[in-house]
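The block underneath contains the structure these notes are about, expressed in structure tokens.
Residue numbers (the numbering used here): 179 to 1450.
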């Protein structure tokens, strides 16, 4: 197209996979937030809603089933989807399948859209909200402003947008009025918190500079079409901080919209600064935003367009019509300038658009301005033409030369100076402009000015420019060479400045490869030290493999007699690569230094451990010639390890024989490389001069003790009696071994070299030496310091032998020191040994007093008691007692002493709370059983106490103990055997223990024990004594127990007990007596306790004495007794008297029994009496009594009473009763009942049975039944 507008279809929505249902493409189902995605809600035939997302860039779609989403909008920049269902709002990251935000909104949302890639604008019926993705996941949207009254519910919202800084907000919609549809827009200022409603169907914002204002202006574009004013477009600048002044005039431009048509979308091209408008009926309008000039109005589609957005590729509009076409309408870069220039004849607008959009087609206009400016001498205008020309068409060398050679006006600067000044003020000089500036100022010393402009990014670097600055500003020149990719010149400068690392790094980054062998060889002769750095960088930094072989590099250095530099190079190459792969290079490093350098250099290399892999046989002779025997040995050992067939032991021993003052560290390392046998031979050689090699020998033995074997080393040192070496060697390894031999030999060595302190420590702390062997050695050694021997005996239990040895050697004082300083806990063993040795008692007592409370009491008492010398420690025991010690052993011992010396032992046993009753009880059994009884009783030692009292006939004591203990198990074990001993115990209980007891629980437990033992006879005697004659007369439990026991064993006493006692459980006792066939007792109990009904029951049920029952009922005259009597009389078929009893009792509960008995005996008169009473007294008020009474009246022929009764209030169902009378042949009664029930059919039949035909005919007439007439 050659016009100013171009249009093309981007995508056809109906082509999506699966197709779309009719009506899917509409304003309500489709959202277009950007030129990336389109969202549609497609309703499927099964009622399921599908969400179709179309990717316009990839021209593909995806479909997802959603349940109830009402709207979906895609983020304008990324795959983030917002869904709305009612008031439930959610945002999802489609790629990550993650929900980002969710909120239950407080209002219904009528419109929403993305205002930018981080914010969603929400419009409710009352307000506008912003919902930010940067807030918390569940954060509610923030209210921004209220909808104005003119923007109320009658306005359908079509769009909402904001300016770049969200300072101005635009809410647009349509409302229906009498004249038709009108557009309304609410413009709101966030800074002023105010707004107003204006005409407008659609609007947009752009922030841009204007042809007359370099500052950014915030411009609003608003379009509308009204029935009375027609189409309008308003262009105006909005004051927005920091620019609050208005520099662009407000314009309202008339636009010819067809009637009923209105704008649905508009956007401003950022490049062209042109406004594109799309109307609902497919008309596109292109307009200049600065002048309001309409460039073209064109119908681009015949279908309805309902939405649009910015098309970023062209700066135009991307729109959707109702036929599913997604198309764009945009300024045509190829045709707009010729159209404006040729057809519109508006060169100023053409120049403005070409300058803004960087378009061609106006070069002739700019060249004309250039020529005119130069011709009239207006240099600045000519320069502006060059700057504004699109694509820098006039900034070429030819034009620049015209300014260079343009003659200067008098008093004016040269044209080229003005050119550079204006261009630098506005933009950057291109390459040839930069070179021309340098040619003009550098010869005059202006290199600093060039540097300043370059650092300000005002110059374009080039190799030619760098050549001009190379002498004056080499640093800046090198930067320009780099940017101009003049690699060889950059490398030369760096190498001239000895910046080899930078040079190599530059070559690596620039992928530039010079001839490095030539460069390096020359560099070694000129600057050997920096040549090392260059060689290393060539080795490491220019690829995976070295540029020059390292051996070749070393040869270059050696040929140039630069041994030190060659060494430095190899050492750096070997760093981190000390392995088999660099063996040749390591060998070469040592070889050149052994041949050409001082031996100390090679020694340092060896010492640093740089070379671990080398040819040992090649280097060993060189080391010997250089006077390095240690290194020669190392080389021989290394060679032997590499080749097991070699035997270099003779060479090694030769080196050892020539060496003096070995380095200890080296010797240690050397021995580590030898085999076990060779190590032992070499160590033996070192022992020949053990004084000079003392430390080395100890260190070797210590370090390689595990490898060589401690037993072999000990044997080697003992052969020559080298106890000092043995002492230091074993001292180093003894903390890390548990070998008894090592520990013993260390103790032996310490004794031999006089290390008394270490000897004492070792015997005290070591758990590993052989105690018997060590003890015997120390005894035989006869040391003046006996503490090592004391330690051994103390640690291993040789106390008796130790005491005897100290006494035999007149070292008794050490015994006391030993106990006080070392082991006071061993005092009992020492005292036992002293007693066995017949030591003086005062000596023993002094030792005990010296040890005092540190001595364990129990062990001491046991020791002296086993030797029958308890009185020996009486003073010591009493001293501990005075200190209020509570050890049981102490108090046991004191108690035994008090028993033996008869010092109020009974008081001690009763009052002392710390002795062990079992111990002292056993101790006293053969001395005084009473004392033993006291101890056992105090300790509640029942088994021992029973055995003691039984053996010694202490029945009273045993009875008291058993009663007081209240232990049924103990009672059971004591009473289980029926022996004379048990009889004596029972007698003691009855005569002594229980009469003395004042505790109810003791007596009750004793009674239970006798009951459990089945001793009822004895129990009765006991209870008779303590209850009837004793102090427990009012004890309910014991009275019950006495009576129950008497019922089982002494029935003759029961009546006496129930009559005498008063506090027993009458109901339980009477029940038991009744079950035991003692009805008179039961009657007496009930009678005594005023339980009349139960007493009457006993008379009638158990005694079966009806006459006594009648008399008793007459005597009591209470309803309960009469009811019992009536029940038993009824059972005896004495119906009349029974009914009389029930009537006196006023008891209606025997209705069925009385009725059956009366009918059985034809005593209906008595039955009527009972039923009359029952009807009066019954609380149930059911129809059983009334029915029974009616039946009785009927059966006895008392028709008058029957009729009188039925006239009263009653609960009788007459029909069933009448039928029963009819069935039983009681026709008179049936007649009365059928008459009362008005059952004339049945009445007629009854009268027929009675042969009363006239009455039957009369009844049949009333019945009016054909069946009845037939019967009559």
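Quick reminder that beta carbons are idealized off the backbone N, C-alpha and C, glycines included.
What does the Cβ neighbour count give for residue i, buried or exposed, with the cut at 16 atoms within 10 Å?
i, result
"residue 546", "exposed"
"residue 1138", "buried"
"residue 456", "buried"
"residue 1118", "exposed"
"residue 1446", "buried"
"residue 279", "buried"
"residue 510", "buried"
"residue 802", "buried"
"residue 1401", "exposed"
"residue 324", "exposed"
"residue 424", "exposed"
"residue 1114", "buried"
"residue 259", "buried"
Just to confirm, are residue i and residue j a CB contact at a threshold of 9 Å?
i, j, result
"residue 1121", "residue 1100", "no"
"residue 767", "residue 789", "yes"
"residue 1024", "residue 1057", "no"
"residue 410", "residue 393", "no"
"residue 1499", "residue 1060", "Coverage of the chain is limited to positions 179 through 1450, which leaves residue 1499 absent and any answer about it impossible."
"residue 875", "residue 903", "yes"
"residue 341", "residue 416", "yes"
"residue 672", "residue 662", "no"
"residue 1029", "residue 1005", "yes"
"residue 749", "residue 772", "no"
"residue 707", "residue 679", "no"
"residue 1443", "residue 1416", "no"
The alpha helix (DSSP H) with residue i in it runs from where to where?
i, result
"residue 955", "949-959"
"residue 729", "728-737"
"residue 781", "777-785"
"residue 999", "Where residue 999 is concerned, there is no enclosing alpha helix (DSSP H), given that its DSSP letter is neither H nor E."
"residue 771", "761-774"
"residue 1134", "1133-1143"
"residue 805", "Where residue 805 is concerned, there is no enclosing alpha helix (DSSP H), given that its DSSP letter is neither H nor E."
"residue 386", "Careful: residue 386 lies outside any alpha helix (DSSP H), inside the beta strand (DSSP E) at 380-388."
"residue 656", "652-661"
"residue 1008", "1005-1014"
Which partner residues does residue i have in the DSSP bridge list?
i, result
"residue 408", "404"
"residue 418", "421"
"residue 685", "The partner list for residue 685 (beta bridge, DSSP) is empty, contrary to what the question assumes."
"residue 251", "260"
"residue 320", "308"
"residue 346", "367"
"residue 466", "452"
"residue 431", "411"
"residue 299", "291 and 308"
Along the chain, where does the beta strand (DSSP E) that runs through residue i open and close?
i, result
"residue 506", "503-509"
"residue 289", "287-294"
"residue 441", "441-446"
"residue 238", "238-244"
"residue 1270", "Premise fails: residue 1270 lies in the alpha helix (DSSP H), 1270-1275, not in any beta strand (DSSP E)."
"residue 276", "276-282"
Three or more C-beta pairs below 8 Å linking the stretch 467-485 and the stretch 520-540: Contact between the stretch 467-485 and the stretch 520-540 is established, with three or more Cβ pairs separated by less than 8 Å.
Validate contact between the stretch 234-246 and the stretch 512-524 using beta carbons, cut 8 Å, 3 pairs: No, because fewer than three Cβ pairs between the stretch 234-246 and the stretch 512-524 fall closer than 8 Å, the two stretches do not touch.
Segment contact, 8 Å Cβ cut-off, at least three pairs: the stretch 350-358 with the stretch 303-321: In the pairwise beta carbon analysis, the stretch 350-358 is classified as not touching the stretch 303-321: fewer than three pairs are separated by under 8 Å.
Any 3 or more C-beta pairs closer than 8 Å across the stretch 939-947 and the stretch 962-979: In short, these stretches touch, since the Cβ pair count reaches three.
contact_flag[the stretch 558-567, the stretch 594-606] where n(CB pairs < 8 Å) is 3 or more: Counting C-beta pairs with one atom in each stretch, the stretch 558-567 and the stretch 594-606 have three or more that are closer than 8 Å, which means they touch.
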